[in-house]
Every structure is written in structure tokens, then in C-alpha cells.
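First comes the structure, then the notes that go with it.
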């Protein structure tokens, strides 16, 4: 009988030829449960030891958290995960969409929704982390509901997962290479975060008029004037498409109240380079600028017939800055929405057209740099995803 089970990966480093070994994940790891110290005891909290929960599991290196415990708190109801431990979220609503997992970059504590996983001497900790990242799709397939809106990964089922691995030197080679890709992605993400923070700060300065632009000859622009949005443009509600008319892929995005398109259509009803404001749903008030022709749905407002006193790219930046203010206009508790009349009454401070154009050029340049960084991040993520599939069995 011929054994057709693949015992080595498609993509492999030179000088490694042995078949990979396999067994159950639990045979090569030990697992620890976390917990929550009593919140009624002040001496347990506001220390300097990170307390890892779902909200702090961002990226793959965990060294900080919003909530921290004291040395005393770390011994009362929670547990220390030593540097190098793998931390895996095993309960929470987040599990329906992704599997948060990473490595403790320093000694941390963790709550009851997280497991600390310590590999034995046969397994490199960074290799194990990459194995979990590679296995996300299969892990999502075993997430069970808890009945209270949260997902759950059963520890016994995780222990029994088939785990294939090469020699320790090959593990370390794989882990080192993939970790370098992760570091590149994280570097780009940090650059993007810093640029986003810079833009947020500079917008605050510009729109509060603490930073002033000037004419090319150095002379001052006139004072800004207060305008109602309804006096600058028409606010037009879109036309609803049935779900049966939407496709997963298509020529024109259907914008219908969410942050992302609700689907795609073969038809369009709105020109490219249009400002939109979400009319209903959890993200109502979200401001966007659609650069392609699109279908404006029933929960989408578009800004039409914009007055000559307004420069469209500037108006988008101004509305984006006022997005939280717009979101406060929402009414209704079940499915919140924003009334057209309330948006029309929105008061905005508007500079003269030449200053608008200068501001728009400045802010759009930052946006272009952000888009470049985002494209690079997505490119590296796609490459990493392909590597994970080819470098593991």
C-alpha cells in the first residue's frame, strides 16, 4: 500500500530533506488558564504588569494592555505567562471572524478567555506561533457558539489537532524567515498609525483655525464663514437594491450604509468622485469619498449639485473631520438613522475657495501616502499568507 500523505512542504529551505513528524498538538505543548483578579480590591489593579484580554490581542507580539495588575494582583485570580508563551483567545465574539493569537514579548498576565501555550523542547515557540497563524481557517471551522453571542474553542479539541513539524533547526529557519516578514508588516503598520495620528492632529489645528494657510504672495486669506451643509449642496438619498440583485463581485460597488460595500451591481446610479454619508445602521454618519461610479442604496446619502463656493476634496476632508458630530445626529434605538433635515442643518466653518484648495492639496497628499502604505501592507499580508500555505504541511 502506498502512503500518499504528504510529509514535507511545497516550499523548503536547502539542506533539509527529512520527512516532517506528526502527532497531536497536546502531546507537544502544555496549557494554562488565566483569570481576573477581583475588581473590588484596588491593590490588585493599576500596576505595571500587562493583563492580556481580547481587546489587547492586536498583532502577534503582546507586551502591553490598557488594564494592568500589580504584583499582588498577579497572584490573586490570574496567572503569569512567561515571555515566549503563546497566547490564544479561546472565548469571545471575535472568534467568529478571526483567531487572535500571538506571543508574549515579556512576562504578562491574562484573563479567563485566553490560554497560555508552552511548547516542549522539541518545538520552537516562534514556529508554533506561525503554525497557529497558518491554521486560522481550520480553527475558525471548529469555533462553537456559546448561546450568549460569543464563540468558543474547546481545549480538548485543540489538544487533539494534528500537528506536523520538522527538525528543530528547520523549525527555527522557517520561524526566523516568517518572523522577519511579520516585522516588516508591523513596521509598515506603525508608520501608517503615526501618519494617521499626524493627520488627525494637523486636521484639528487646521479646522480650529490654529494653522492658517496664506496666498502665494504671503498675504492673509479672509476670515472663515459659517455655512449650513444644506446651503452648500443637495443631500440625496439613494435607491434600495434587493439582496437578490447584489453580487459578491462586480463592476460597481453598492454603497448602502456600511463602511464597506454591501455587494456589487452591474448598474450604477451615481458618478465617481462623490461624497457619501451613511444614512442608517450601526455606522450611520460615516463619511466616505467614492472614486468610482457606484450604486447609492437606500441607506446612503450622496452630496449632489455642490455649490461653487465649495471645493469637493476640501468638503470631504471637512466632513470627515466632523464625522463624530454627524454621528451624534442619529436617532432611533433599534436601527439608528440620521434624518436628512438634520444633516442639512449641520453648521460648518468654511474658508474661501483658494484656501480650501490649498488645504485639500495638503491633506490629500497625506491620504495618498496612507494609501501607499496600506497597499504595501496588503501586499506583504498576501505574500505572507501564500508563504504559510507553502512552508507548512
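Residue numbers (the numbering used here): 11 to 403.
Ideal placement from N, C-alpha and C gives every residue a C-beta, glycine not left out.
Paired residues, beta bridge with residue i - DSSP
{"i": "residue 264", "result": "273 and 305"}
{"i": "residue 129", "result": "39"}
{"i": "residue 206", "result": "Answer is none; residue 206 lacks a bridge partner."}
{"i": "residue 55", "result": "79"}
{"i": "residue 314", "result": "244"}
{"i": "residue 124", "result": "99"}
{"i": "residue 419", "result": "Given that the chain is displayed from residue 11 to residue 403, the structure contains no residue 419 and the question cannot be resolved."}
{"i": "residue 357", "result": "238"}
{"i": "residue 230", "result": "224"}
{"i": "residue 296", "result": "According to DSSP, residue 296 bridges with nothing at all."}
Through-space distance from residue j to residue i, alpha-carbon basis
{"i": "residue 180", "j": "residue 26", "result": "7 Å"}
{"i": "residue 308", "j": "residue 248", "result": "5 Å"}
{"i": "residue 205", "j": "residue 348", "result": "31 Å"}
{"i": "residue 381", "j": "residue 203", "result": "12 Å"}
{"i": "residue 220", "j": "residue 213", "result": "10 Å"}
{"i": "residue 178", "j": "residue 32", "result": "13 Å"}
{"i": "residue 384", "j": "residue 301", "result": "17 Å"}
{"i": "residue 127", "j": "residue 165", "result": "11 Å"}
{"i": "residue 273", "j": "residue 353", "result": "26 Å"}
{"i": "residue 263", "j": "residue 303", "result": "8 Å"}
{"i": "residue 292", "j": "residue 331", "result": "19 Å"}
{"i": "residue 184", "j": "residue 396", "result": "14 Å"}
{"i": "residue 29", "j": "residue 276", "result": "50 Å"}
{"i": "residue 378", "j": "residue 150", "result": "35 Å"}
{"i": "residue 260", "j": "residue 268", "result": "18 Å"}
{"i": "residue 400", "j": "residue 20", "result": "5 Å"}
{"i": "residue 190", "j": "residue 93", "result": "19 Å"}
{"i": "residue 266", "j": "residue 345", "result": "14 Å"}
{"i": "residue 11", "j": "residue 18", "result": "Here residue 11 scores only 35 on pLDDT, less than 50, and its place in the model is too uncertain to base an answer on."}
{"i": "residue 175", "j": "residue 158", "result": "37 Å"}
{"i": "residue 47", "j": "residue 57", "result": "12 Å"}
{"i": "residue 156", "j": "residue 148", "result": "19 Å"}
{"i": "residue 9", "j": "residue 270", "result": "This structure does not reach residue 9, given that the chain is present from 11 up to 403, and the question cannot be answered."}
{"i": "residue 393", "j": "residue 370", "result": "34 Å"}
{"i": "residue 324", "j": "residue 186", "result": "46 Å"}
{"i": "residue 351", "j": "residue 299", "result": "21 Å"}
{"i": "residue 172", "j": "residue 130", "result": "16 Å"}
{"i": "residue 250", "j": "residue 116", "result": "52 Å"}
{"i": "residue 373", "j": "residue 365", "result": "12 Å"}
{"i": "residue 315", "j": "residue 207", "result": "33 Å"}
Own chain residues within Cβ distance below 6 Å of residue i, not counting five before or after
{"i": "residue 329", "result": "297"}
{"i": "residue 125", "result": "41, 98 and 100"}
{"i": "residue 188", "result": "140"}
{"i": "residue 146", "result": "109"}
{"i": "residue 217", "result": "331"}
{"i": "residue 215", "result": "221"}
Beta-carbon contacts of residue i that lie in its chain and below 7 Å, excluding the five residues immediately before and after
{"i": "residue 196", "result": "69"}
{"i": "residue 169", "result": "34, 35 and 36"}
{"i": "residue 110", "result": "64, 67, 99 and 104"}
{"i": "residue 14", "result": "Per-residue confidence for residue 14 stands at a pLDDT of 49, beneath the threshold of 50, marking its modelled position as unreliable; no derived number is given."}
{"i": "residue 82", "result": "53 and 54"}
{"i": "residue 281", "result": "303"}
{"i": "residue 234", "result": "219, 359, 360 and 361"}
{"i": "residue 51", "result": "none"}
{"i": "residue 106", "result": "153 and 161"}
Proximity of residue i and residue j at Cβ, strictly below 7 Å
{"i": "residue 163", "j": "residue 118", "result": "no"}
{"i": "residue 75", "j": "residue 160", "result": "no"}
{"i": "residue 114", "j": "residue 95", "result": "yes"}
{"i": "residue 38", "j": "residue 132", "result": "yes"}
{"i": "residue 194", "j": "residue 390", "result": "yes"}
{"i": "residue 45", "j": "residue 87", "result": "yes"}
{"i": "residue 311", "j": "residue 336", "result": "no"}
{"i": "residue 367", "j": "residue 223", "result": "no"}
{"i": "residue 167", "j": "residue 152", "result": "yes"}
{"i": "residue 279", "j": "residue 254", "result": "no"}
{"i": "residue 59", "j": "residue 77", "result": "no"}
{"i": "residue 120", "j": "residue 154", "result": "no"}
{"i": "residue 326", "j": "residue 376", "result": "no"}
{"i": "residue 123", "j": "residue 182", "result": "no"}
Cβ-based neighbour list, residue i, same chain, cut-off 8 Å, excluding 5 preceding and 5 following
{"i": "residue 236", "result": "357, 358, 359 and 360"}
{"i": "residue 16", "result": "403"}
{"i": "residue 241", "result": "317"}
{"i": "residue 492", "result": "Since the first residue of the chain shown is 11 and the last is 403, residue 492 is not available in this structure."}
{"i": "residue 355", "result": "238, 239 and 240"}
{"i": "residue 89", "result": "42, 43, 44, 45, 119, 120 and 126"}
{"i": "residue 200", "result": "none"}
Whole-number beta carbon distance between residue j and residue i, since they are thought to touch under 8 Å
{"i": "residue 243", "j": "residue 313", "result": "4 Å"}
{"i": "residue 295", "j": "residue 339", "result": "7 Å"}
{"i": "residue 322", "j": "residue 283", "result": "7 Å"}
{"i": "residue 198", "j": "residue 319", "result": "Contact doesn't hold; Cβ gap of about 39 Å is too wide."}
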